[in-house]
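K.L.:
The structure under discussion is supplied below as structure tokens; questions concerning it will follow.
Protein chains: 2
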Amino acid sequence: MPILTKLGFTGTVAALLANPDRASGLEKARCDRVTLTFDGIEGDCHSGRTHPSDVRTITQYQRGIEVANTRQVSILSEEELAEIATTMDLDELLPEWFGANLVTRGIPQLSFLPPSTRLMFSSGATLIVDMENAPCRFVAEVIEKHRPGKGAEFVAAAQHKRGVVAWVEKPGDIATGDEIVLHVPPQRIYAGAS
Amino acid sequence: MPILTKLGFTGTVAALLANPDRASGLEKARCDRVTLTFDGIEGDCHSGRTHPSDVRTITQYQRGIEVANTRQVSILSEEELAEIATTMDLDELLPEWFGANLVTRGIPQLSFLPPSTRLMFSSGATLIVDMENAPCRFVAEVIEKHRPGKGAEFVAAAQHKRGVVAWVEKPGDIATGDEIVLHVPPQRIYAGAS
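First to last, the protein sequences are chains A and B.
Numbering-wise, the first sequence is residues 1380 to 1573 according to our numbering.
Numbering-wise, the second sequence is residues 1380 to 1573 according to our numbering.
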């Protein structure tokens, strides 16, 4: 009766980042381990059971409406980061600049992971993917600060490589080097959308 | 920057059901209006911020582990119910027998709605689809009680017509007759799953 299917490969946690203070800016600092509660990463400014809606959901809600927080954890892939850097002709792109919380290694096309995919970490802690993230101008501004003249290239270069946002299904710790097991829902294209 | 796309059609709330007492059995009673909090339908036994994992997620968790409740609201479509009834050669199949909370009209192939689809109701209350529901033997037992000799046909007849489960993104009321606006995430098949 389970609906989810376990994938035949696993990923690895390449990096973890957190930032307790959103007012200090978008950038986060590396850490070796984070603790997930049902509200997100303990002590991170993205955490919270709910959050105010913003421009990302402007077709649904006016700004500032209290909605469930499905963006508790922002996830990037090392491979997609490298691809964006190559496209932009940059030596590197650091996950700190993206405000990301977690960087994966070994998950192909992370940004295309199906919504509702479960990411299970070594401790049993589990995240639910809400959906693909969108490249935004705030990251472009940070890149511009670190690599002057390059910020304007970011949004186009990062299309479909900006990772996914997720929220906590099961609390627990995540550590750098953890294995990531993936369970995905049935895949099909909904005909009613066309 | 929004990632979700509003669909070109809307559905309607055909029926609402709730049951405060799971111990009284799977069946629920009709009501004209329900109130959603962030925990689900107020006063319904499916509601809760978390719930114990069960056989549906046995490939991920042992039974009884506390996980986020993505099954707060169980949704069926009137059209898929009629198709199951036809396949089983039954005069009717009542949503009460399924333990459903909400019956839609006018959403084609409801059970195939993409995970992370947002269902917005007239009041602004919004549900997030977690995924397709699976036909289970508990419903088969209820059908057997009401239509003796027919229970055993249910699981096969209801494949991919058992609706979806969802949870609350934005609280508010839902009333019978409400319009349902749908916003879906980008659709694609994840190549990494094959």
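For glycine and all other residues, C-beta sits at the position ideal for the given N, C-alpha and C.
(1) Roughly how many whole angstroms lie between the Cα atoms of residue 1482 of chain A and residue 1517 of chain A?
(2) Smallest Cα separation from residue 1538 of chain A: which of A:1551, A:1565, A:1455?
(3) Determine the direct distance from the alpha carbon of residue 1549 of chain A to that of residue 1422 of chain A, and round the result to whole angstroms.
(4) In the DSSP output, which residue or residues are listed as bridge partners for residue 1529 of chain A?
(5) Alpha carbon to alpha carbon, how far is residue 1465 of chain A from residue 1522 of chain A?
(6) Mapping the DSSP letters down to three states, classify residue 1571 of chain A as helix, strand or coil.
(7) Show which residues of chain B have a CB atom less than 9 angstroms away from the CB atom of residue 1444 of chain A.
(8) Roughly how many angstroms lie between the CA atoms of residue 1412 of chain A and residue 1557 of chain A, to the nearest whole one?
(9) Please work out which residues of its chain come closer than 6 angstroms, Cβ to Cβ, to residue 1450 of chain B, disregarding the five sequence neighbours upstream and downstream, and give them in chain order.
(10) To which residues of the same chain is residue 1428 of chain B closer than 8 angstroms at the C-beta, ignoring the five residues directly before and after it?
(11) For residue 1571 of chain B, decide whether its Cβ has a neighbour in chain A, counting only Cβ atoms nearer than 7 angstroms.
(12) Starting from residue 1504 of chain B and walking both ways along the alpha helix (DSSP H), at which residues does that stretch end?
(13) Output, in chain order, the set of chain D residues within a Cβ distance shorter than 9 angstroms of residue 1474 of chain B.
(14) Can you name the residues that DSSP bridges to residue 1498 of chain A?
(15) I need the boundaries of the beta strand (DSSP E) containing residue 1445 of chain A, first residue and last residue.
(16) Using a Cβ-Cβ cut-off of less than 8 angstroms, list which residues of the region 1412–1440 of chain A approach chain B; keep chain order.
(17) Name the residue from A:1564, A:1540, A:1560 whose alpha carbon lies nearest to the alpha carbon of residue 1387 of chain A.
(18) Are the C-beta atoms of residue 1488 of chain A and some chain B residue less than 7 angstroms apart?
(19) With three or more C-beta pairs closer than 8 angstroms as the rule, is the region 1504–1519 of chain A touching the region 1482–1493 of chain A?
(20) If we define contact as Cβ-Cβ less than 7 angstroms, is residue 1447 of chain B a contact residue for chain A?
(21) Cβ of residue 1563 of chain B less than 7 angstroms from any chain A Cβ?
(22) Under 7 angstroms, Cβ to Cβ, is there at least one residue of chain A near residue 1454 of chain B?
(23) Would a check of beta-carbon distances place residue 1494 of chain A closer than 7 angstroms to chain B?
(24) So, does the CB of residue 1513 of chain B fall closer than 7 angstroms to a CB anywhere in chain A?
(25) Does residue 1382 of chain A come out as helix, strand or coil in the three-state DSSP assignment?
(26) Does any residue of chain B have a CB that is nearer than 7 angstroms to the CB of residue 1553 of chain A?
(27) Any idea what DSSP makes of residue 1393 of chain A, helix, strand or coil?
(28) Checking 7 angstroms against the spacing of the C-beta atoms, do residue 1540 of chain A and residue 1463 of chain A come in under that value?
(29) Around the Cβ of residue 1563 of chain B, are there at least 16 other Cβ atoms within 10 angstroms (buried) or fewer (exposed)?
(30) Below 7 angstroms CB to CB, which residues in the same chain sit around residue 1445 of chain B once its five sequence neighbours on both sides are set aside?
(31) When you compare the CB of residue 1381 of chain B with every CB in chain A, is at least one pair closer than 7 angstroms?
(32) Thinking just about the alpha-carbon of each residue, which of A:1531, A:1391, A:1408 is nearest to the one in residue 1398 of chain A?
(33) Hey, quick one: how far does the alpha helix (DSSP H) through residue 1460 of chain A stretch, first residue to last?
P.N.:
The answer reads as follows:
(1) Residue 1482 of chain A and residue 1517 of chain A: Cα-Cα distance of roughly 19 angstroms.
(2) Residue A:1455 is the option with its Cα nearest to residue 1538 of chain A.
(3) Their Cα atoms are separated by approximately 17 angstroms.
(4) Under DSSP, residue 1529 of chain A takes part in no beta bridge, so it has no partner.
(5) For residue 1465 of chain A and residue 1522 of chain A, the distance between alpha carbons rounds to 14 angstroms.
(6) Residue state, collapsed to three classes: helix.
(7) Annotation: Cβ neighbours of residue 1444 of chain A in chain B (cutoff 9 angstroms, chain order): 1503, 1549.
(8) Rounded to whole angstroms, residue 1412 of chain A and residue 1557 of chain A show a C-alpha spacing of 10 angstroms.
(9) Cβ neighbours of residue 1450 of chain B beyond the five flanking positions: 1544.
(10) In the same chain as residue 1428 of chain B, and ignoring 5 residues on each side of it, the C-beta atoms closer than 8 angstroms to its own belong to 1417, 1418, 1447, 1448, in chain order.
(11) Among the residues facing chain A, residue 1571 of chain B is included, as its CB has a counterpart in that chain under 7 angstroms away.
(12) No alpha helix (DSSP H) contains residue 1504 of chain B, which DSSP labels as neither H nor E.
(13) Absent here is chain D; the protein component of the structure consists of chains A and B.
(14) A:1506, A:1561, per the DSSP bridge assignment.
(15) Segment 1445–1447, the beta strand (DSSP E) holding residue 1445 of chain A.
(16) So the close ones are 1417, 1428, 1429, 1434, 1435, 1436, 1437, 1438, 1439, 1440.
(17) Measuring from the Cα of residue 1387 of chain A, the nearest candidate turns out to be A:1560.
(18) Yes, residue 1488 of chain A lies at the interface with chain B (some Cβ there is under 7 angstroms from its Cβ).
(19) In short, these stretches touch, since the Cβ pair count reaches three.
(20) Proximity of residue 1447 of chain B to chain A, defined by a Cβ-Cβ separation below 7 angstroms, is satisfied.
(21) At least one beta carbon of chain A lies nearer than 7 angstroms to the beta carbon of residue 1563 of chain B.
(22) Not one beta carbon of chain A lies nearer than 7 angstroms to the beta carbon of residue 1454 of chain B.
(23) Cβ-Cβ to chain B under 7 angstroms: yes for residue 1494 of chain A.
(24) Yes, residue 1513 of chain B lies at the interface with chain A (some Cβ there is under 7 angstroms from its Cβ).
(25) Of the three classes helix, strand and coil, the one that applies to residue 1382 of chain A here is coil, per DSSP.
(26) No, no contact with chain B.
(27) Residue 1393 of chain A: strand per DSSP, three-state reduction.
(28) One thing to note: residue 1540 of chain A has its Cβ within 7 angstroms of the Cβ of residue 1463 of chain A.
(29) Burial is judged here by how many other beta carbons sit within 10 angstroms of a residue's own beta carbon; residue 1563 of chain B has at least 16 and is buried.
(30) Taken in chain order, the residues that qualify are 1429, 1431.
(31) True, the Cβ-Cβ gap to chain A drops below 7 angstroms.
(32) Of A:1531, A:1391, A:1408, the residue nearest in Cα terms is A:1408.
(33) Looking at the DSSP string, the run of the alpha helix (DSSP H) that includes residue 1460 of chain A is 1457–1466.
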